[in-house]
Amino acid sequence: LDAYVTNGHIFERPARADLGWKQRDLLLLGDASGGFREARCGTAFTAVQVGRGLAGGDYDDDGDLDVAIVNNGGPLQLLRNDGAAGEWIGFALQGEAGNTNGVGARVMLHFPDGDAVRWVTAGDSYQSTSDPRVLFGWTAGRKPLSVSIRWRDGESVEWGPEAWNPGHYHRVVEADGTLAVLEAAASGKPRPSLRRIAVIGGFVLAALVFALLQFLRRSR
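Our numbering puts the sequence shown at residues 132 to 351.
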């Protein structure tokens with residue numbers, strides 16, 4: 132998953148009739164030229180909704196990014212990503228001084244032919260927060276040489292391949308520079324967890340709040 136855009140006009144009756152209040156979402160995949168192409172794979176990308184909140188996260192812990200969407204006056208959507216099989220690794224950063232998710236850190240996975248880069252961010256979507264874990268995927272045959280993390284204060288750490296296990300999430304602690312496997316590789320089937328229940332519950336609550344605000348606006 133490279134880019135997902137949820138769409139919906141801010142006015143119920145737009146000035147341009149061709150725009151519409153409800154709009155179709157976009158799933159964009161990167162191509163070899165460095166650009167993007169639109170991908171359509173299911174009714175989620177043909178139906179029109181008034182999209183508002185969107186968050187990404189690996190809710191089933193299978194190594195790919197899933198998407199949760201809150202629609203104004205419409206259903207909550209949870210789109211599970213079942214992409215092509217490949218190698219992956221994930222990192223959950225634990226920062227210091229109240230920065231519990233390590234926001235601002237840069238994580239790099241180094242390959243012989245180049246580097247893959249991820250930044251730990253927060254608040255990067257409208258009224259939504261995505262999974263703070265960092266996720267990398269690569270095709271079979273490529274072998275990472277090392278992983279490095281530069282924390283927000285500028286300190287850096289690096290580990291070779293003997294320190295991690297592909298197909299797993301790892302906890303990285305800034306205070307002592309440790310890296311440890313969090314759990315066994317996922318089977319690809321959803322497993323109950325407090326984190327996932329909390330995430331889905333948060334989106335349900337957000338959907339209810341949107342519906343209540345919409346009702347109050349219309350009842351004035």
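Where a beta carbon is used, it is the ideal one built from N, C-alpha and C, also for glycine.
**Request:** Please determine if the segment 203 to 216 and the segment 277 to 291 are in contact, where contact requires at least 3 C-beta pairs separated by less than 8 Å.
**Result:** no
**Item:** ARG322 versus GLY298: straight-line alpha-carbon distance, rounded
**Value:** Walking along the sequence shown from the start, residue 322 turns up at place 191. Walking along the sequence shown from the start, residue 298 turns up at place 167. Here ARG322 scores only 48 on pLDDT, less than 50, and its place in the model is too uncertain to base an answer on.
**Prompt:** Under the three-state reduction of DSSP, which class applies to ALA115: helix, strand or coil?
**Reply:** An answer regarding residue 115 cannot be provided, because it is not within the stretch 132 to 351 covered by the chain.
**Asked** In chain order, what residues of the same chain have a beta carbon less than 8 Å from the beta carbon of HIS301, not counting five sequence neighbours either side?
**Response** Numbered from its first residue, the sequence shown carries residue 301 at position 170. Result list for HIS301: ILE220, GLY221, PHE222, ALA223, TRP295, LEU310, ALA311, VAL312 and LEU313, in chain order.
**Message:** Let's see if you can read the secondary structure: which residues bound the beta strand (DSSP E) around TRP290?
**Reply:** Sequence index remark: in the sequence shown, residue 290 carries index 159 (1-based). In this chain, the beta strand (DSSP E) harbouring TRP290 covers 287 to 290.
**Message:** As a quick exercise: from ASN232, PRO243 and ASP262, pick the residue whose alpha carbon is nearest that of ARG283.
**Reply:** Sequence index remark: in the sequence shown, residue 283 carries index 152 (1-based). Taking only the C-alpha atoms, the option nearest ARG283 is ASN232.
**Prompt:** Taking all protein chains shown into account, do 16 or more other C-beta atoms lie within 10 angstroms of the C-beta of SER164, making it buried, or fewer, making it exposed?
**Reply:** Stepping through the sequence shown from its first residue, residue 164 is reached at position 33. Looking at its Cβ environment, which holds fewer than 16 other Cβ atoms inside 10 Å, SER164 is exposed.
**Message:** Considering Cα atoms alone, identify which of VAL136, ASP133 and VAL304 is closest to GLY229.
**Reply:** By one-based count along the sequence shown, residue 229 stands at place 98. Per the Cα distances, VAL304.
**Prompt:** The beta strand (DSSP E) with TRP250 in it runs from where to where?
**Reply:** Stepping through the sequence shown from its first residue, residue 250 is reached at position 119. Run containing TRP250: 245 to 250, per the beta strand (DSSP E) assignment.
**Message:** Does PHE167 come out as helix, strand or coil in the three-state DSSP assignment?
**Reply:** As a first step, residue 167 is located in the sequence shown; it is residue number 36 there, counting from the start. Strand at PHE167.
**Local conformation of GLY151 per DSSP, three classes** = Taking the first residue of the sequence shown as 1, we reach residue 151 at position 20. Reduced to three states, the DSSP call for GLY151 is coil.
**Asked** What three-state label does DSSP hand GLU293 in the structure shown?
**Response** Indexing the sequence shown from 1 puts residue 293 at position 162. Shown here, GLU293 sits in a helix according to DSSP, grouped into three states.
**Asked** Considering only the beta carbon of each residue, do ASP133 and PHE176 sit closer than 9 Å?
**Response** Position 2 of the sequence shown, counted from the start, is the residue given in the question as residue 133. Position 45 of the sequence shown, counted from the start, is the residue given in the question as residue 176. No, these two residues do not count as a Cβ contact at 9 Å.
**Message:** If I measure Cβ to Cβ from ALA317 and keep anything under 6 Å in the same chain, skipping five residues before and after, which residues do I get?
**Reply:** As a position in the sequence shown, residue 317 is number 186, starting the count at 1. Since pLDDT at ALA317 reaches only 46, below the 50 mark, its modelled position is unreliable, and the value read off the structure follows with that caveat. Once the five neighbours on either side are set aside, the close Cβ partners of ALA317 are ASP192 and ASP193.
**Prompt:** Would GLN258 pass as a contact of GLY204 if the rule is Cβ separation under 9 Å?
**Reply:** As a position in the sequence shown, residue 258 is number 127, starting the count at 1. As a position in the sequence shown, residue 204 is number 73, starting the count at 1. Contact check for GLN258 against GLY204 fails: the beta carbons are separated by 9 Å or more.
**Residue from GLY272, ALA271 and ALA236 whose Cα sits closest to the Cα of ARG264** = Within the sequence shown, numbered from 1, the residue matching residue 264 stands at position 133. Checked all of GLY272, ALA271 and ALA236; the closest Cα to ARG264 is ALA236.
**Asked** Does the beta-carbon distance from TYR190 to ASP156 come in below 9 Å?
**Response** In the sequence shown, counting from the first residue as 1, residue 190 sits at position 59. In the sequence shown, counting from the first residue as 1, residue 156 sits at position 25. Cβ atoms of TYR190 and ASP156: not closer than 9 Å.
**Beta carbon of GLY182 nearer than 9 Å to that of GLY217** = Position 51 of the sequence shown, counting from 1, holds the residue named residue 182. Position 86 of the sequence shown, counting from 1, holds the residue named residue 217. Cβ distance not < 9 Å, so GLY182 and GLY217 don't count as in contact.
**Prompt:** How big is the Cα-Cα spacing for LEU150 and THR137?
**Reply:** Here residue 150 is taken as the residue at index 19 of the sequence shown, counted from 1. Here residue 137 is taken as the residue at index 6 of the sequence shown, counted from 1. When rounded, the distance between both Cα atoms is 14 Å.
**Message:** I'd like the list of long-range same chain contacts for GLY187, defined as Cβ closer than 6 Å, with 5 residues on each side in sequence excluded.
**Reply:** Within the sequence shown, residue 187 is the residue found at index 56, counting from 1. The answer, listed in chain order, is LEU196, VAL198 and SER261.
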